[in-house]
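For any residue, its number in my numbering is found by taking its place in the sequence shown, counting from 1, and adding 832. Glycine included, each C-beta is placed from N, C-alpha and C at the ideal position.
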Amino acid sequence: MGNCWPSKPRETKQQQKMPYHRLERSSATNKSSHETHNYAVYNTHSRQPTSASSEKLPHLSVQSSKTGNREYPPMYKYDLNSQRNNSPNKQPPNPAVTRSRSVTVPERTILPDRHTVTEIDSDKPTSKLTNNFILETRNVKPMQLRYSDLKGYAETLEALVKLESEYEKKSIESLNAKNIVVRWDIKSKYQGYVYFRPLEVDNTEMDFTIGQRYRITPVSSEVPGKSIEGELIQIPDDFTTDYCLCVRGAVTNFSEHNKVNIEALWNGISFERMCDSLKIIKSGSISSNLRDCLCGKRMNFSAHLTRPLPKEYTTPGVDHLDDTQKRAIQLGLDSMFCLIQGPPGSGKTTTSACLIYHLNRITGAKVIAVAPSNLAVDKLCSRVAETGLNVVRLCAPTRERLSACLEELTVHRKAQELVPELFNLQAKKDRGELKSSSEMGQYLKLKRSIEIRVLQEADVICCTCVMAADRRLYSIEFTNVLIDECGQALEPECLIPISRDVSRLILVGDQCQLGPVVHCPEAAKAGLDRSLFQRFCTLGAPLVRLEIQYRMHPELSRFPSRMFYDNQIRNGVRASERTDCCLPFWPNPNKPTFFYLVRSEEQRARNGLSYLNRREAQVVKSIILRLIEAGVRRNSIGVIAPYDGQKTYLVGQLGDLANGPNENVEISTVDGYQGREKDYIILSCVRSNQKRNMGFLKDPRRLNVALTRARYGLILIGDPNTLSKDPLWYELLRFYHEQNLLVEGPLKQLRRATMTLLKPRIPYAYKPRTDWLA
């Protein structure tokens, strides 16, 4: 697959016998200092890394492992000395999902959706929280490619899950927002809502997550020690909407206090469910085939179907499938276990929906489709529903009240349609009118029984990985599991649905895009930050890669295809289908992209935990206005700010246009845009400094995601002098420079930039290999 991973020179025979997570320490002691700073991007199709190339990512180190005569690709691990992982918000880590402040921002979390991002760059000091925690951590066993038995496998992962859980708990409990001005909306004696504006909390370390619980304490001394708890049910969806907490209890005692302190409350249910699934696996109560897969002993299992496979895989609601999509569907039906790699814009969701449809129709068995985030689940659920299958969206209570376009598919809505009495009881509960324990008990008993009935009658159940352990699924049998966006999920997270002893497992993802988020550096170093998808890729599991992209203008796909996917990605759209003739400022009308040179020193954000670049923000605003003047719709424009500090600053800069042309312009981080697209993307690179430090911008997966979100046009803004230090960024800048697309000057009079790119000491190397695709 793509060559988006760094690697080190081949290890010695002594190193080959070590667990791959320890090789970095061994090799570092035997190399000169400059040797340990070299890396080569390797091709995951091949069993060997490419030649060494360019400067090593400072936060990554790489190891290889051999078994017998087979060599497996290097696996990347975090360097403990750098204390960072690939995501945006600074230390201390904050497990709240990064906010996307715009009209179009989706809900990104469901209790307990834990896919959050932190912004810890290798060129910054480590926080006291991190240092102290590392001193307290116990020794943990590293993750392996293969395991001798399930007991060792489960114990290794369980220790790492607990390590991450403890670290995240300390991180959350250390965060608070003080003296926040709020507005109360009392609905009844025991229920109300608390609203506060985004600007009240933008300068704090806190992020706010849908479904997360918070403690609200009045600042007034009139109620010392008293507080009330609530859960977040609304995040700002434009520049005027407020945050909203739903609180239950004696709300009338607090409604007169308009200044409060807000504390995040720890909720470890996701980690508890991971540990529970590991205990099930440890007990051995899963099939021998699944056991062999998880231990890495055997990866090929043929399915025994009682009905012949269709020839064309015709699916209701799907007009066309290309050859690679058909191969992926066939592999999913033929095999009891397989991987499907979906590069950006390749129709991964459509392929998954078609595969689910034919699995249900051919086997007659229920399918559970899961993903690590609600955004991915909603997208897949909507697509599967278009095939005509009976789809049920299982979600947490908070999510039930928020779903709009998918509300008719949720289990609670289907239950209410089945038994109208349930709707009346739900309304009474929301108004706080179910006061007696008998009334509440009657309501809960009826609700659960009807919801279980709805789930039993479903063809497909869609939920997050964590929700797959919901009690309502205990009595329901399902043998087919499809995990979407598997590359972003922690391995223990994927085990939650797998532990149901499924007979068929399909993993869909892309190891060349963003991986799992791990906050604890020690857990990341031990291997928790490597996904199950990546491990199985390394082990040579049956895999099909989708090779035709339908999103980007052909010129926009050239560089990502060459650098990340062996130059094997073909275009399913013509240039004429992705050309807007109204835009006047492209340097080359046939190539809707350019890199705008901005030399402006980066600055620390106000909270000292992130970065911003004011000059780049001004350019972003000018480009947005220019696009709008040319007739581009506001909700077709997206801004990617790799750093949370830049995102917050951009929100402030564009806020004066909230009711004007940019009210739907979405500003988010790279993580916030994975799996999504916009017609036009503006990327602000932010980093510009004399030391040429780039932080996590060096992560090739992060660059891949940022470059592949746009459909019609892509504009990059940054300082080539800083960015060209990294070999991959140098190749990107050279790509633009050679096509006269590295420009400067006024937007109405762009001219080719007069500068010389500083070539890295060790060049970028690329060797395509595709000989182990299924």
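So residue i packs on residue j, CB below 8 Å; how close in whole Å?
i: Thr1425; j: Leu1388; result: 6 Å
i: Gly1341; j: Glu1317; result: 6 Å
i: Leu1482; j: Val1464; result: In fact, because the Cβ distance is near 18 Å, the residues do not count as touching under 8 Å.
i: Pro1329; j: Ile1338; result: In fact, because the Cβ distance is near 11 Å, the residues do not count as touching under 8 Å.
i: Val1026; j: Val1079; result: 6 Å
i: Ser1331; j: Ile1012; result: About 41 Å; that fails the 8 Å criterion.
i: Val1216; j: Val1292; result: 6 Å
i: Arg1304; j: Glu1283; result: 6 Å
i: Ala1462; j: Met975; result: The pair is not a contact, with the Cβ atoms about 51 Å apart (cut-off 8 Å).
Taking the CB atoms as reference points, tell me whether residue i and residue j lie closer together than 8 Å.
i: Glu996; j: Val1298; result: no
i: Leu1212; j: Cys1127; result: no
i: Pro1148; j: His1089; result: no
i: Arg1367; j: Leu977; result: yes
i: Val1150; j: Cys1186; result: yes
i: Thr1156; j: Glu1379; result: yes
i: Ile1048; j: Ile1094; result: yes
i: Gln1345; j: Arg1533; result: yes
i: Gly787; j: Gln1343; result: The first residue shown for the chain is 833 and the last is 1606, placing residue 787 beyond what the model contains.
i: Phe1028; j: Tyr1075; result: yes
i: Met1526; j: Asp1558; result: yes
i: Asn1420; j: Asn1192; result: no
i: Ser1468; j: Leu1579; result: no
i: Ser1109; j: Leu1360; result: no
i: Phe1391; j: Leu1539; result: yes
i: Leu1635; j: Ser1214; result: Because the chain here runs from 833 to 1606, residue 1635 falls outside it and cannot be looked at.
i: Gly1545; j: Tyr1512; result: yes
i: Glu1325; j: Pro1204; result: yes
i: Asn1445; j: Ser1520; result: yes
i: Arg1508; j: Met1384; result: no
i: Gln1485; j: Ala1449; result: yes
i: Val1313; j: Val1243; result: no
i: Ser1117; j: Pro1374; result: no
i: Ile1194; j: Leu1137; result: yes
Hey, how far is the Cα of residue i from the Cα of residue j?
i: Arg1541; j: Gly1177; result: 8 Å
i: Lys973; j: Ile1172; result: 30 Å
i: Arg1447; j: Tyr1428; result: 12 Å
i: Ala1096; j: Val1452; result: 33 Å
i: Val1033; j: Tyr1562; result: 38 Å
i: Cys1552; j: Gln1522; result: The amino acid occupying residue 1552 in the given sequence is Pro; Cys does not appear at that position. About 12 Å.
i: Ile1514; j: Tyr1382; result: 20 Å
i: Val1502; j: Ser1516; result: 11 Å
i: Ala1321; j: Ala1201; result: 14 Å
i: Glu1570; j: Arg1524; result: 23 Å
i: Ser1134; j: Asn1121; result: 11 Å
i: Tyr1145; j: Lys1198; result: 19 Å
i: Leu1590; j: Ala1473; result: 25 Å
i: Gly1024; j: Thr1296; result: 29 Å
i: Pro1252; j: Val1209; result: 27 Å
i: Asn1099; j: Asn1008; result: 15 Å
i: Thr1586; j: Ser1408; result: 31 Å
i: Val1334; j: Thr1183; result: 21 Å
i: Gly1614; j: Ile1549; result: The structure shown has nothing for residue 1614, since the chain only spans 833 to 1606.
i: Thr1567; j: Arg1584; result: Correcting the residue identity first, residue 1567 is Phe in this sequence and not Thr. Using only the alpha carbons, I get a separation of about 13 Å.
i: Pro1416; j: Lys1261; result: 57 Å
i: Asp1302; j: Ala1356; result: 28 Å
i: Asp955; j: Lys1530; result: Since pLDDT at Asp955 reaches only 49, below the 50 mark, its modelled position is unreliable, and the value read off the structure follows with that caveat. Answer to the nearest angstrom: the Cα atoms are 12 Å apart.
i: Asn1536; j: Glu1063; result: 35 Å
i: Trp1418; j: Gln1581; result: 10 Å
inquiry  = Contact between the segment 983-1002 and the segment 1031-1046 is defined here as three or more beta-carbon pairs at a separation below 8 Å; is this criterion met?
reply    = Contact between the segment 983-1002 and the segment 1031-1046 is absent, because fewer than three Cβ pairs lie under 8 Å.
task = Scan the segment 974-1033 and note each continuous beta strand (DSSP E) run of 3 residues or more that stays entirely inside, going in chain order.
result = Complete beta strand (DSSP E) runs here, min 3: 1008-1013, 1015-1020 and 1023-1028.
request  = Jot down the residue ranges of each uninterrupted alpha helix (DSSP H) in the segment 1367-1443, minimum 4 residues, whole runs only, in chain order.
outcome  = For the segment 1367-1443, whole alpha helix (DSSP H) runs of length 4 or above, ordered along the chain, are 1386-1396.
key: Completely contained alpha helix (DSSP H) runs for the segment 1036-1093, where each covers 4 or more residues   = At a cut-off of 4 residues, not a single continuous stretch assigned as alpha helix (DSSP H) sits fully inside the segment 1036-1093.
ask   = Is the number of C-beta pairs between the segment 1076-1091 and the segment 1018-1025 that are closer than 8 Å three or more?
value = The segment 1076-1091 is in contact with the segment 1018-1025.
query = Three or more beta-carbon pairs under 8 Å between the segment 1213-1225 and the segment 1155-1163, yes or no?
reply = As far as the Cβ criterion goes, the segment 1213-1225 does not touch the segment 1155-1163, which means the pair count is below three.
request  = Can you check the segment 1263-1337 for any alpha helix (DSSP H) of at least 4 residues that lies completely inside it and give the ranges in chain order?
outcome  = Qualifying alpha helix (DSSP H) stretches, in chain order: 1269-1289 and 1323-1330.
query = Counting Cβ pairs, one atom from each stretch, are 3 or more of them under 8 Å apart for the segment 1238-1256 and the segment 1185-1202?
reply = Between the segment 1238-1256 and the segment 1185-1202, the count of C-beta pairs closer than 8 Å stays below three; the two stretches do not touch.
message = For the structure I just gave you, are there three or more beta carbon pairs, one from the segment 1133-1142 and one from the segment 1358-1366, closer than 8 Å?
response = In short, these stretches do not touch, since the Cβ pair count stays below three.
task = Write down every uninterrupted run of the alpha helix (DSSP H) in the segment 1516-1581 whose length is 4 residues or greater and which is fully enclosed by it, in chain order.
result = The segment 1516-1581 contains, as complete alpha helix (DSSP H) runs of 4+ residues, the segments 1532-1539, 1552-1555 and 1559-1570 (chain order).
task = List in chain order: all unbroken alpha helix (DSSP H) runs of 4+ residues lying wholly within the segment 1450-1477.
result = With a minimum length of 4 residues, no continuous alpha helix (DSSP H) run stays inside the segment 1450-1477.
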